[in-house]
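J.: Quick note: the sequence shown uses my numbering, first residue 1, plus one each step. One structure, as structure tokens, below. Some questions next.
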Amino acid sequence: MSVERQRLEVLRERLRYHAHRYYSLDDPEVSDAAYDSLWVELKSLEDRYPEWVTPDSPTQRVGTQPLATFNSVIHRVAMLSLDNLFSEQDLVDFDRRVRERLQLPEGIEVGYVCEPKLDGLAISLRYERGCLVLAATRGDGQQGEDVTHNLRTLPTVPLRLQGTAPDFLEVRGEVLMPKSVFLALNEQAQERGEKVFANPRNAAAGSVRQLDPKIAAGRGLEFYAYAVAECSSALPASHTLTLQRLRGFGFKIAEPWGTGEGLAFCKQSYQDLAQNRSRLPFDIDGMVVKVDLLSAQQILGFVARAPRWAVAWKFPAEQVVTHLLGVDWQVGRTGALTPVARLEPVNVGGVVVSNATLHNMDEINRLDVQVGDAVVLYRAGDVIPKIDRVLLEQRTGIFKRIEMPSVCPVCGSEIIRPEGEAISRCSGGLYCPAQRLEALCHFVSRRAMDIDGLGEQWLKQLIDHDQVHQPADLYRLTKEQLLPLDRMGEKLADNLLLSIARSRETTLPRFLYALGIRTVGEATALNLAQHFRTMEALLQASREELLRVIDVGPVTADFLLAFIHQQHHREIMNDLLACGVHWPEVQVVAGWQGGSFVLTGTLSSMTRDAAREHLLKLGAKVSGSVSRKTQAVIAGSEAGSKLAEAERLGVPVWSEADFLRLLREQGVDL
Ligand code: IVH
Numbered sequence: 001m002s003v004e005r006q007r008l009e010v011l012r013e014r015l016r017y018h019a020h021r022y023y024s025l026d027d028p029e030v031s032d033a034a035y036d037s038l039w040v041e042l043k044s045l046e047d048r049y050p051e052w053v054t055p056d057s058p059t060q061r062v063g064t065q066p067l068a069t070f071n072s073v074i075h076r077v078a079m080l081s082l083d084n085l086f087s088e089q090d091l092v093d094f095d096r097r098v099r100e101r102l103q104l105p106e107g108i109e110v111g112y113v114c115e116p117k118l119d120g121l122a123i124s125l126r127y128e129r130g131c132l133v134l135a136a137t138r139g140d141g142q143q144g145e146d147v148t149h150n151l152r153t154l155p156t157v158p159l160r161l162q163g164t165a166p167d168f169l170e171v172r173g174e175v176l177m178p179k180s181v182f183l184a185l186n187e188q189a190q191e192r193g194e195k196v197f198a199n200p201r202n203a204a205a206g207s208v209r210q211l212d213p214k215i216a217a218g219r220g221l222e223f224y225a226y227a228v229a230e231c232s233s234a235l236p237a238s239h240t241l242t243l244q245r246l247r248g249f250g251f252k253i254a255e256p257w258g259t260g261e262g263l264a265f266c267k268q269s270y271q272d273l274a275q276n277r278s279r280l281p282f283d284i285d286g287m288v289v290k291v292d293l294l295s296a297q298q299i300l301g302f303v304a305r306a307p308r309w310a311v312a313w314k315f316p317a318e319q320v321v322t323h324l325l326g327v328d329w330q331v332g333r334t335g336a337l338t339p340v341a342r343l344e345p346v347n348v349g350g351v352v353v354s355n356a357t358l359h360n361m362d363e364i365n366r367l368d369v370q371v372g373d374a375v376v377l378y379r380a381g382d383v384i385p386k387i388d389r390v391l392l393e394q395r396t397g398i399f400k401r402i403e404m405p406s407v408c409p410v411c412g413s414e415i416i417r418p419e420g421e422a423i424s425r426c427s428g429g430l431y432c433p434a435q436r437l438e439a440l441c442h443f444v445s446r447r448a449m450d451i452d453g454l455g456e457q458w459l460k461q462l463i464d465h466d467q468v469h470q471p472a473d474l475y476r477l478t479k480e481q482l483l484p485l486d487r488m489g490e491k492l493a494d495n496l497l498l499s500i501a502r503s504r505e506t507t508l509p510r511f512l513y514a515l516g517i518r519t520v521g522e523a524t525a526l527n528l529a530q531h532f533r534t535m536e537a538l539l540q541a542s543r544e545e546l547l548r549v550i551d552v553g554p555v556t557a558d559f560l561l562a563f564i565h566q567q568h569h570r571e572i573m574n575d576l577l578a579c580g581v582h583w584p585e586v587q588v589v590a591g592w593q594g595g596s597f598v599l600t601g602t603l604s605s606m607t608r609d610a611a612r613e614h615l616l617k618l619g620a621k622v623s624g625s626v627s628r629k630t631q632a633v634i635a636g637s638e639a640g641s642k643l644a645e646a647e648r649l650g651v652p653v654w655s656e657a658d659f660l661r662l663l664r665e666q667g668v669d670l
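See the structure below:
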């Protein structure tokens, strides 16, 4: 072995060791800088000798291409669920059944392991000769989805097992998003006006079910191991030893866990865990009790979909009583009015809660809640505060019924509730400052007019200072108007003005999307632009004509008609054009079907990843396989079976030059 090759192995070994100390044991030995310099050294060696790169190298966590679809995986050993216990009596019954089946004499206690019941997503990891070869979701227990590309980006998933590894090992565990990461992620999403996740479990699940591994890689997910499903060498004699063994292989085990005897141990562990729950870095929804000895587990076996040797003792959702002080009505981008309960601040599971959504009038009626009521509050999925019920027996004095406001609380416009809908809306459109803010946030967003740096904090101030009433006002802003804003400086103001000016040059699809017409997303905007080619043609379109556009159904057609026929919206559009917003003529793509593209072979001008990004930005879909519905196959050099398939199905084949022409015509900077 050459000196460099040896060095490479040493670097990988050290990096694995330090990553394990840092991510799994929370006990780093070296500084981040020292770690980084080892990493950089390894990377440069691998760049020099690409033939030495192996999938289990620490440099290879991110870097796989996004998938086109998920493959399904048949579990070699079914992924079971656990029966639930809800009370101490349930636990006593469980213990009795275990003792009977094991025929334990009076006075001999069962050895149990108690662990946190992690509230995440169950995952199975397969290792062959010590290397990670597969990560799969639970699915229906028999068949799940291959999510290896995402799981391998998690620092807590060893790409190679430490120590002496068995030939074959299948590990079960849970993927979680730590609470702190979840809160930060939602805060960012809110600032950007994006959808927030309801709870860390949904956020973790949403991240694992992404085709592009870069998304999961950036989400701070962690994997905790809690069982071995299959192993080519003998299994340890107890669950306690299994957990220790897993830790030795480099996995993280969720703390606190412990081994003890009988009911008393389980009850004490449960109380301790319940007390510490809010201090744990991740969400748990109970405690898992497992019979420790493997031989005992084997005697007990399984019923239907759960083992007889393990149960989940669930925590009751924490409920507290507080009072409803009033109801605020919030107005969203589409004018939807949401009642928000203002509550006497109260601590629920370690977090002070002072408001909770009431969703809509139907929910208020269902709860029969009035201002002044004592209400029972809990945190749904442990995060989102919700009112469970009203303590009607405590309603004594004069209480106030909650009425839907007759006019918008923000702008005074009429409130409309379309028949059959649960949601009432402010009819003020962009006259309403609340809707204006949301609409402007959308207008400036990256995929719309892409005004870099003009975030919600500035837009809010500009609206409050009465500087911006409608989108075109942005193009009339002067430095004098910007400078008085809180935290604004000379340089920032210059940069903002530059970004605003630059955004004047746009494309018709972007412009249409930026208008924020309901249900008109990027793909619809692109299809509209391809169909009508000019704004004038679109403004004159009949309902029939609109329905002929790919992907436009009756709902979208009606929203479009309502939008283009409102004088006020026409003025907004004309004003934007008068302010210099413009776009190049739309070049019609022959036979545009709004369908998907398939990339194959090697492109000389860009990576396939970049090509895919460009297509997605245009609102096109990108697929991994050719079907009759494929719009076109874009074939680079050395294209193989996909090209043949396209020819067989009669799907158009584009050369790289055709593709570049499309991009240029759509205003993509190359
Ligand atoms: S052991 C054969 N241990 O709970 C037993 N499961 O409700 C396999 N879960 O699908 C499960 N924490 O996703 C086990 N410490 C823990 C767990 C745990 C959470 C999940 C797991 C399972 C579900 C069953």
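Yeah, the Cβ is synthetic: ideal placement off N, Cα and C, and Gly gets one too. Since the structure is predicted, the reported quantities are computational estimates derived from the model, not experimental observations.
1. Is the region 144-164 touching the region 67-79, taking contact as three or more C-beta pairs under 8 Å?
2. If I measure Cβ to Cβ from L211 and keep anything under 6 Å in the same chain, skipping five residues before and after, which residues do I get?
3. So what's C408 in DSSP terms, helix, strand or just coil?
4. So, for Q481: in the same chain, excluding its five sequence neighbours on each side, which residues have a beta-carbon less than 7 Å away from its beta-carbon?
5. What residue ranges within the region 277-309 form continuous alpha helix (DSSP H) runs of no fewer than 4 residues, ordered along the chain?
6. Consider the C-beta atom of A304 and the heavy atoms of ligand 1; say whether any pair is separated by less than 7 Å.
7. Counting Cβ pairs closer than 8 Å, one from the region 186-193 and one from the region 120-128, do we hit at least three?
8. Which whole-angstrom value describes the C-beta separation of A529 and L512, a residue pair presumed to lie in contact below a C-beta threshold of 8 Å?
9. Does the beta carbon of P345 sit closer than 8 Å to a beta carbon anywhere in chain C?
10. Answer yes or no: do A514 and A620 have a C-beta to C-beta separation smaller than 8 Å?
11. Suppose the cutoff is 6 Å on Cβ atoms and the five residues either side in sequence are ignored; what does the same chain contact list for L154 look like?
12. With respect to the alpha helix (DSSP H) encompassing V3, which residues constitute its N-terminal and C-terminal limits?
13. Taking only the alpha-carbon atoms, compute the straight-line gap between R126 and A525 and give it to the nearest angstrom.
14. Ignore the nearest five residues each way along the sequence and tell me which others in V181's own chain have a CB closer than 6 Å to its CB.
15. For K400, tell me which candidate among D368, K214, R48 and D609 has the shortest Cα-Cα distance.
16. Which runs of the alpha helix (DSSP H), 4 residues or longer, sit entirely within the region 584-651?
17. When burial is assigned at 16 or more other CB atoms within 10 Å of the CB, is R487 buried or exposed?
18. State whether the region 393-409 contacts the region 297-314, with contact taken as three or more CB pairs (one from each stretch) at a distance under 8 Å.
19. Is it the case that the CB of L85 approaches a heavy atom of ligand 1 more closely than 7 Å?
20. Under 6 Å Cβ to Cβ from V586, same chain only, skipping five residues before and after it: list those, please.
21. Restricting to runs no shorter than 4 residues, where is the alpha helix (DSSP H) found entirely within the region 419-503?
22. Kindly indicate which residue of W329, V346, A304 and A306 has the alpha-carbon position closest to the one of T322.
23. So, helix, strand or coil for K195, using DSSP?
24. What ranges does the beta strand (DSSP E) occupy inside the region 370-401, keeping only unbroken runs of at least 3 residues that lie completely in it?
25. Within 10 angstroms of the Cβ of S424, are there 16 or more other Cβ atoms? Answer buried if so, exposed if not.
26. Cα separation between L159 and V175?
27. Can you tell me the Cα-Cα spacing of R101 and D90, whole angstroms?
28. Per DSSP, what are the beta-bridge partners of W39 in this structure?
29. From S31 to M177, what distance separates their C-alpha atoms?
30. Assuming L8 contacts L45 (C-beta within less than 8 Å), just tell me the rounded distance between them.
31. For the alpha helix (DSSP H) that R570 lies in, which residues bound it at each end?
32. Indicate the three-state DSSP secondary structure (helix, strand or coil) for E261 in the structure shown.
33. Can you have a look at D95 and say buried or exposed, based on whether 16 or more other CB atoms are within 10 angstroms of its CB?
T.: Concretely, from the data shown:
1. yes
2. Cβ neighbours of L211 beyond the five flanking positions: P66 and L67.
3. coil
4. Excluding five sequence positions before and after Q481, the CB atoms of its chain that fall closer than 7 Å to its own CB belong to Q467, given in chain order.
5. 294-300
6. no
7. no
8. 6 Å
9. Judged by its chain identifiers, the structure shown contains no chain C, having just a single protein chain.
10. no
11. L221 and F223
12. V3 -> alpha helix (DSSP H) spans V3 to A19.
13. 44 Å
14. G220
15. Checking every option, the nearest Cα to that of K400 belongs to D368.
16. Here the runs fully enclosed are 608-617 and 641-649.
17. R487 should be labelled exposed.
18. no
19. no
20. L508, A529 and R533
21. 433-444, 456-464, 471-474, 479-482 and 490-502
22. V346
23. coil
24. 374-380 and 384-390
25. buried
26. So the alpha carbons of these two residues sit roughly 16 Å apart.
27. If I take the Cα positions, the gap works out to 17 Å.
28. Bridge partners of W39: none, in fact.
29. 25 Å
30. Taking C-beta atoms under 8 Å as the contact rule, L8 and L45 qualify, at a distance of about 5 Å.
31. Q567 to A578
32. strand
33. Under this definition D95 is a buried residue.
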